[in-house]
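Q: Start counting the sequence shown at 2; every next residue gets the next number (the working numbering).
Supplied in structure tokens, the structure appears directly below.
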Amino acid sequence: MLTIPGYTIHSQIHDGRRSKIFQGTRVIDNLPVIIKILKNKFPSLAETLGFQQEYSILQNAGSYGIVRAHSMETLQNVTMIVMEDFGGISLEKSPEIKKLKLPELLTLFIRITEIINEMHHQSIVHKDINPTNIVWNPNTGQVKIIDFGISSKVSKEKTDRLSTDVFEGTLAYMSPEQTGRMNRSLDYRTDLYSIGVTFYELLTGRLPFVARDAMELVYAHFAKTPASPVDIKSETPKVLSDIILKLLAKMPEHRYQSAIGLKADLEICLRNLQVDGTIKFFKIGRKDISDQFRIPQKFYNRGNEIQSLLVAYDCICLGAREVIMVAGHAGVGKSSL
């Protein structure tokens with residue numbers, strides 16, 4: 002077990018690709034803490050700067066739903082962040098999550114959505130929302146978002162096409178545009194897609210897409226339609242199923258445009274359930290109004306061309322030898338297509 006001066010380490014609770022996380026106590030005041038430390042004993046400048054950025058986000062977020070950072074310290078040239086321990090456990094590891102009835106699950110969904118809304122209002126794009134990074138205390142009902150290691154404090158950023166071994170984030174929960182395969186800028190709506198995958202899994206007990214390898218999963222995110230939650234779990238209310246499918250829309254313009262719009266629909270579901278014992282049909286997205294100006298990046302009049310490319314991609318995945326040529330005058334949108 003790791004020895005850190007000034008802290009008593011009780012257990013290691015996570016071993017990730019870039020960092021390890023420990024649970025312990027600060028000796029001076031017996032304060033329960035979570036300590037995140039870089040795995041690399043000789044971290045690169047990029048790793049160190051990433052840790053500093055994460056600490057800055059945690060320090061300045063000012064949100065009750067984002068885990069608080071107490072300090073950033075150095076141990077034998079390795080940076081570590083000391084954070085609060087509020088007695089929570091990740092949704093991925095919590096045995097209690099499977100016992101929740103629908104009203105309790107909706108309450109949890111609403112709280113998660115509120116936190117995401119608070120983040121987005123501060124221009125924080127998390128980029129790795131999944132059950133591992135949502136921590137819940139079932140005794141108090143308190144929920145917090147953790148792991149801002151790849152988060153950005155920007156309203157929009159460009160994504161580059163990456164190889165399958167350097168994806169930033171958790172691929173099973175990653176939006177199509179975050180994979181870098183869509184030639185689209187990344188904004189806060191990537192988190193809304195990841196929420197959709199998370200809610201889908203918590204509700205049905207399975208992910209919307211299961212694949213044998215990374216490239217097959219990437220393809221599923223931007224080309225395949227997930228099974229409706231109501232088809233997987235018949236007792237799922239149709240409206241709730243529609244809400245989750247809206248979050249999983251391939252194009253950001255077709256998703257919810259704000260976490261506040263999502264919250265409004267979830268609250269209607271919960272009220273209906275509490276009053277009538279069922280969720281009546283209503284038109285979703287009526288209160289979904291974005292407070293951020295966005296120029297649409299949608300393709301217009303390119304349906305046939307996009308379909309041709311997708312069909313060719315399918316054929317190539319099956320072993321066919323095909324070549325696609327995209328031609329046209331400069332400025333007509335070849336690169337975007």
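Beta carbons are placed, not taken as given, at the ideal position from N, Cα and C, and that holds for glycine.
Computed from a predicted model, the values in this text were never measured in an experiment.
#1: Can you confirm whether the segment 132-145 touches the segment 86-98 when touching is taken to mean that 3 or more C-beta pairs between the two stretches lie within less than 8 Å?
#2: Is the Cβ-Cβ distance between Ile67 and Leu59 less than 8 Å?
#3: If you run the structure through DSSP and keep just helix, strand and coil, what is Ile325?
#4: For Ala62 versus Gln123, is the C-beta distance shorter than 8 Å?
#5: So which of Ile5, Arg112 and Gln24 has the shortest CA-CA distance to His11?
#6: Using CA atoms only, rank isn't needed, just tell me which of His15, Gln54 and Ser45 is closest to Ile35.
#7: With which residues is Tyr201 paired in a DSSP beta bridge?
#8: For Ala346, count neighbouring Cβ atoms within 10 angstroms of its own Cβ and tell me buried if that reaches 16, exposed if not.
#9: Taking the alpha helix (DSSP H) that Lys216 belongs to, which residues open and close that run?
#10: Please state whether the Cβ-Cβ distance between Tyr314 and Leu249 is less than 8 Å.
#11: For Phe223 and Leu203, I'd like the C-alpha separation in whole angstroms.
#12: For the beta strand (DSSP E) containing Tyr65, name the first residue and the last one.
#13: Which stretch, first to last residue, makes up the beta strand (DSSP E) that contains Asp16?
#14: Does the Cβ-Cβ distance between Gly245 and Gly286 come in under 8 Å?
#15: Our contact map puts Lys128 next to Ser91 with C-beta atoms below 8 Å; I'd like the distance itself, whole angstroms only.
A: Taking the coordinates as given:
#1: yes
#2: In the sequence shown, the residue the question calls residue 67 occupies position 66. In the sequence shown, the residue the question calls residue 59 occupies position 58. In this structure, Leu59 lies closer than 8 Å to Ile67 by Cβ.
#3: Translated into positions along the sequence shown, residue 325 becomes position 324. Here Ile325 sits in coil by DSSP.
#4: Locating residue 62 in the sequence shown gives position 61, where the first residue counts as 1. Locating residue 123 in the sequence shown gives position 122, where the first residue counts as 1. Yes.
#5: Taking the first residue of the sequence shown as 1, we reach residue 11 at position 10. Among Ile5, Arg112 and Gln24, the Cα nearest to that of His11 is on Gln24.
#6: Counting from 1 along the sequence shown, the entry for residue 35 is found at position 34. The shortest Cα separation from Ile35 among His15, Gln54 and Ser45 belongs to His15.
#7: Counted from its first residue, the sequence shown places residue 201 at position 200. Note: Tyr201 sits in no beta bridge, so no partner.
#8: Absent from the structure is residue 346, since the part of the chain shown begins at 2 and ends at 338.
#9: Residue 216 sits at position 215 when you count from the first residue of the sequence shown. The amino acid occupying residue 216 in the given sequence is Met; Lys does not appear at that position. Ala215 to Ala224 is the span of the alpha helix (DSSP H), which, as asked, contains Met216.
#10: Position 313 of the sequence shown, counted from the first residue, corresponds to residue 314. Position 248 of the sequence shown, counted from the first residue, corresponds to residue 249. No, they are not a contact pair.
#11: Walking along the sequence shown from the start, residue 223 turns up at place 222. Walking along the sequence shown from the start, residue 203 turns up at place 202. The alpha-carbon atoms of Phe223 and Leu203 are separated by roughly 22 Å.
#12: The count along the sequence shown starts at 1 and reaches residue 65 at position 64. Taken as a continuous stretch (DSSP letters only), Tyr65 belongs to no beta strand (DSSP E), as it is neither H nor E.
#13: Residue numbering aside, residue 16 sits at position 15 when the sequence shown is read from its first letter. Segment Tyr8 to Asp16, the beta strand (DSSP E) holding Asp16.
#14: Along the sequence shown, read from residue 1 onward, the residue named residue 245 stands at position 244. Along the sequence shown, read from residue 1 onward, the residue named residue 286 stands at position 285. Here residue 245 is Ile; the residue named in the question, Gly, does not match the sequence. Cβ atoms of Ile245 and Gly286: not closer than 8 Å.
#15: Translated into the one-based positions of the sequence shown, residue 128 becomes position 127. Translated into the one-based positions of the sequence shown, residue 91 becomes position 90. Lys128 to Ser91, Cβ: 17 Å. No contact.
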